[in-house]
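Visitor:
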Amino acid sequence: MEVEAAKMIGAGIAAIALGGAGVGIGTIFGNYLAGALRNPAAAASQRGTLFLGFAFAEATGLIGFAVAMLILFG
Amino acid sequence: MATPEHGEKIIDPIHQFVIERLVPIHVGGVDISFTNSALWAVIAVTCASLLFILAPRNLIPTRLQSVAESIYELVYDITHDVLHENARTYFPFVLTLFVFILFANVLGLIPYSFTVTSHIVITLALALVVFIGATIIGFIRNGFGYLKLFVPSGVPVFLLPLVVVIEIVSYFIRPMSLSIRLFANMMAGHMMLKVMAGFVVMLGVTAGWLPLVAMVGLMGLELLVAALQAYVFALLTCMYLSDAMHVDH
């Protein structure tokens, strides 16, 4: 197998990690919405934690994306 | 996509991260050239300093003063929520970190500029300062009692060896996760923008507006991510410093 083909396949497999990021971000925001609809007064106080959780979930997914890009172009 | 064929345009999202020497300076075999990364870091520091110096100090804030006060208040809230009585000691450090990362991230969104924080060496330097600093502060404040950080309370004794190993590993992962989180977000975001821009050119006039609309959305997302990553870095710095001072979490 040529190096170029192996790089493409490797990058494709590494990009699967972004699926986990999507699930994680959806879970966090879904739980925030469910809690906010039950207790709207307390929703504003947790907005900081919401964005913090979003950043963590996004980070793990983007590490996979960065690996894919590094395989493909680095 | 990575290899050009018969003159078709290639999408090259990695070229924007190449470091170029603007003013080559070699001192005794050591390369300390003034690079484009250094230039944009200087621009970020200059903009941040100008913001805080030129903002008036009126009783009724002007727009520029409101921006400066919002940034100050955000970092003030972070430090005082996490480090209660020690917030004053570490507030200048956390504010500097936050403002530098914020300005470096946001200035990187200007077309044809260079994102300083998209290189692992820069984010690793920042993360190592935080990690080594917090470790030294922890040992100075608590002596060898700082090692109690690895033994959380309320753990059954038979689980203790496993939990201690996991805690030690997760402690040493801190600088890696801090630096990689910031660098991967910046690099991935800018690569996505470049690839989408390549699609606009490749699709031409007929369908090129569709990726263009996506790029508008992506640019908004990148602005959010730029500010958010600065906030997360500052917040995690405060949490590591708080761990260093009150070892019982």
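In the order they appear, the protein sequences are chains X and Z. The first sequence: position 18 = 129 (this note's numbering), numbered continuously. The second sequence: position 247 = 256 (this note's numbering), numbered continuously. Idealized CB from N, CA, C, for every residue including glycine.
At which residue ranges does the segment 79–148 of chain Z contain complete alpha helix (DSSP H) runs of 4 or more residues, listed in the order of the chain?
Guide: The segment 79–148 of chain Z contains these whole alpha helix (DSSP H) runs: 96–116.
Visitor: Apart from the five residues just before and just after Z/Leu63, which ones in its own chain have a Cβ nearer than 7 angstroms to its Cβ?
Guide: Position 54 of the second sequence, counted from the first residue, corresponds to residue 63 of chain Z. Answer for Z/Leu63: Leu73, listed in chain order.
Visitor: Should Z/Val139 and Z/Leu187 be called a contact, given that it needs their Cβ atoms to be closer than 9 angstroms?
Guide: As a position in the second sequence, residue 139 of chain Z is number 130, starting the count at 1. As a position in the second sequence, residue 187 of chain Z is number 178, starting the count at 1. Yes, they are a contact pair.
Visitor: Out of curiosity, what's the CA-to-CA distance linking Z/Thr144 and Z/Tyr249?
Guide: The residue given as residue 144 of chain Z occupies position 135 in the second sequence. The residue given as residue 249 of chain Z occupies position 240 in the second sequence. Taking the straight line from one Cα to the other gives about 9 angstroms.
Visitor: DSSP on Z/Thr44, reduced to helix/strand/coil?
Guide: For the purposes of this step, residue 44 of chain Z is taken as the residue at position 35 of the second sequence. Here Z/Thr44 sits in strand by DSSP.
Visitor: Run through chain X and tell me which residues come within less than 9 angstroms of Z/Arg190, C-beta to C-beta.
Guide: Here the question's residue 190 of chain Z lines up with position 181 in the second sequence. What Z/Arg190 touches in chain X: Ala166, Phe167, Glu169, Ala170, Thr171, Leu173, Ile174.
Visitor: How is Z/His35 classed by DSSP in three states: helix, strand or coil?
Guide: Taking the second sequence and counting its residues from 1, one reaches residue 35 of chain Z at position 26. Strand, per DSSP.
Visitor: Measure the beta-carbon distance from Z/Cys247 to Z/Leu92 and round it to whole angstroms, keeping in mind my assumption that it falls under 8 angstroms.
Guide: Numbered from 1 along the second sequence, position 238 holds the residue referred to as residue 247 of chain Z. Numbered from 1 along the second sequence, position 83 holds the residue referred to as residue 92 of chain Z. With a Cβ gap of about 6 angstroms, Z/Cys247 and Z/Leu92 count as contacting.
Visitor: Report yes if the C-beta distance between Z/Asp252 and Z/Leu104 is below 9 angstroms; otherwise report no.
Guide: Locating residue 252 of chain Z in the second sequence gives position 243, where the first residue counts as 1. Locating residue 104 of chain Z in the second sequence gives position 95, where the first residue counts as 1. No.
Visitor: Under 9 angstroms, do Z/Thr132 and Z/Phe192 count as touching if we go by C-beta distance?
Guide: Taking the first residue of the second sequence as position 1, residue 132 of chain Z is located at position 123. Taking the first residue of the second sequence as position 1, residue 192 of chain Z is located at position 183. Cβ atoms of Z/Thr132 and Z/Phe192: closer than 9 angstroms.
Visitor: What did DSSP end up calling Z/Arg66 once you bin it into helix, strand or coil?
Guide: By one-based count along the second sequence, residue 66 of chain Z stands at place 57. Coil, per DSSP.
Visitor: Is the distance from the Cβ of Z/Ala4 to the Cβ of Z/Leu83 below 9 angstroms?
Guide: Nothing can be reported for residue 4 of chain Z, as the shown portion of chain Z is limited to 10 through 258.
Visitor: Taking 9 angstroms as the threshold (C-beta atoms), are Z/Ala206 and Z/Pro220 in contact?
Guide: As a first step, residue 220 of chain Z must be located in the second sequence, where it is residue number 211. As a first step, residue 206 of chain Z must be located in the second sequence, where it is residue number 197. Taking 9 angstroms as the Cβ cut-off, Z/Pro220 and Z/Ala206 qualify as a contacting pair.
Visitor: What distance in whole Å lies between the Cβ atoms of X/Ala177 and Z/Glu197, which are believed to be in contact at a cut-off of 8 angstroms?
Guide: Indexing the second sequence from 1 puts residue 197 of chain Z at position 188. Indexing the first sequence from 1 puts residue 177 of chain X at position 66. According to the sequence provided, residue 197 of chain Z is Ala. The question's Glu does not apply to it. Correct: roughly 5 angstroms between the Cβ atoms.
Visitor: Which value, in whole angstroms, describes the spacing of the CA atoms of Z/Met200 and Z/Val178?
Guide: By one-based count along the second sequence, residue 200 of chain Z stands at place 191. By one-based count along the second sequence, residue 178 of chain Z stands at place 169. The straight-line gap from Cα to Cα measures roughly 31 angstroms.
Visitor: In chain Z, what lies closer than 8 angstroms to X/Gly185 by C-beta?
Guide: Taking the first residue of the first sequence as position 1, residue 185 of chain X is located at position 74. Ordered by position in chain Z, the residues that pass the 8 angstroms Cβ test against X/Gly185 are Ile23.
Visitor: If we cut at 9 angstroms on Cβ distances, does X/Phe140 have a partner in chain Z?
Guide: By one-based count along the first sequence, residue 140 of chain X stands at place 29. No, X/Phe140 lies away from the interface with chain Z (no Cβ there is under 9 angstroms from its Cβ).
Visitor: Closer than 7 angstroms by beta-carbon distance: list the chain Z residues that pair up with X/Ala177, in chain order.
Guide: In the first sequence, residue 177 of chain X corresponds to position 66, counting from 1. Residues of chain Z passing the Cβ test: Ala193, Met196, Ala197.
Visitor: Just checking: is the beta-carbon of Z/Tyr180 within a distance shorter than 9 angstroms of some beta-carbon in chain X?
Guide: Taking the first residue of the second sequence as 1, we reach residue 180 of chain Z at position 171. No - not a single Cβ of chain X is within 9 angstroms of the one on Z/Tyr180.
Visitor: Check the Cβ of X/Leu163 against every Cβ in chain Z and list those closer than 7 angstroms, keeping chain order.
Guide: Taking the first residue of the first sequence as position 1, residue 163 of chain X is located at position 52. Correct list: Val241, Leu244.
Visitor: So who's on the other strand from Z/Arg30, going by DSSP bridges?
Guide: Taking the second sequence and counting its residues from 1, the one referred to as residue 30 of chain Z is at position 21. Its beta-bridge partners are Z/Thr44.
Visitor: Only counting the same chain, and skipping five residues up and downstream in sequence, which positions put a Cβ closer than 8 angstroms to that of X/Ile174?
Guide: One-based indexing of the first sequence puts residue 174 of chain X at position 63. The answer, listed in chain order, is Ala128.
Visitor: Assign Z/Tyr121 to one of two classes, buried (16 or more other C-beta atoms within 10 Å of its C-beta) or exposed (fewer than that).
Guide: To locate residue 121 of chain Z, count along the second sequence from 1; it is residue 112. Its Cβ having fewer than 16 others within 10 Å, Z/Tyr121 is exposed.
Visitor: Roughly how far, in whole angstroms, is the beta-carbon of Z/Phe107 from the beta-carbon of Z/Ser46, given that I think they are within contact range, below 8 angstroms?
Guide: Counting from one through the second sequence, the residue named residue 107 of chain Z turns up at place 98. Counting from one through the second sequence, the residue named residue 46 of chain Z turns up at place 37. Not quite, the Cβ-Cβ distance comes to about 20 angstroms (not below 8 angstroms), so this is no contact.
Visitor: If you draw a straight line from the C-alpha of Z/Phe224 to the C-alpha of Z/Thr88, how long is it?
Guide: Sequence index remark: in the second sequence, residue 224 of chain Z carries index 215 (1-based). Sequence index remark: in the second sequence, residue 88 of chain Z carries index 79 (1-based). Per the sequence shown, residue 224 of chain Z should be read as Met rather than Phe. One C-alpha to the other measures close to 35 angstroms.
Visitor: Since X/Gly131 contacts X/Thr171 with CB under 8 angstroms, what's their CB separation in whole angstroms?
Guide: The residue labelled residue 131 of chain X in the question sits at position 20 within the first sequence. The residue labelled residue 171 of chain X in the question sits at position 60 within the first sequence. Confirmed, Cβ separation roughly 7 angstroms.
Visitor: By DSSP, does Z/Met10 sit in helix, in strand, or in coil?
Guide: Within the second sequence, numbered from 1, the residue matching residue 10 of chain Z stands at position 1. At Z/Met10, the pLDDT of 47 sits below 50, so the modelled position is not reliable; the number obtained from the coordinates is stated separately. Z/Met10: coil per DSSP, three-state reduction.
Visitor: Contact check, Z/Ile52 vs Z/Leu111 under 8 angstroms by CB: the rounded distance?
Guide: Taking the first residue of the second sequence as position 1, residue 52 of chain Z is located at position 43. Taking the first residue of the second sequence as position 1, residue 111 of chain Z is located at position 102. About 13 angstroms separates the two Cβ atoms, so there is no contact after all.
Visitor: Suppose contacts are defined by Cβ-Cβ distances below 9 angstroms. Is X/Gly135 in contact with X/Ala179 by that definition?
Guide: Here residue 135 of chain X refers to the residue found at position 24 of the first sequence. Here residue 179 of chain X refers to the residue found at position 68 of the first sequence. Result no, Cβ atoms of X/Gly135 and X/Ala179 do not sit closer than 9 angstroms.
Visitor: Let me make sure I understand the geometry here. Which of Z/Met254, Z/Ala243, Z/Leu230, Z/Phe102 has the alpha-carbon closest to that of Z/Gly147?
Guide: Position 138 of the second sequence, counted from the start, is the residue given in the question as residue 147 of chain Z. The residue with the shortest Cα to Cα distance from Z/Gly147 is Z/Met254.
Visitor: Are the Cβ atoms of Z/Leu48 and Z/Leu31 separated by less than 9 angstroms?
Guide: On the second sequence, residue 48 of chain Z is found 39 positions in, with the first residue counted as 1. On the second sequence, residue 31 of chain Z is found 22 positions in, with the first residue counted as 1. Against a cut-off of 9 angstroms, the Cβ pair of Z/Leu31 and Z/Leu48 comes out as a contact.
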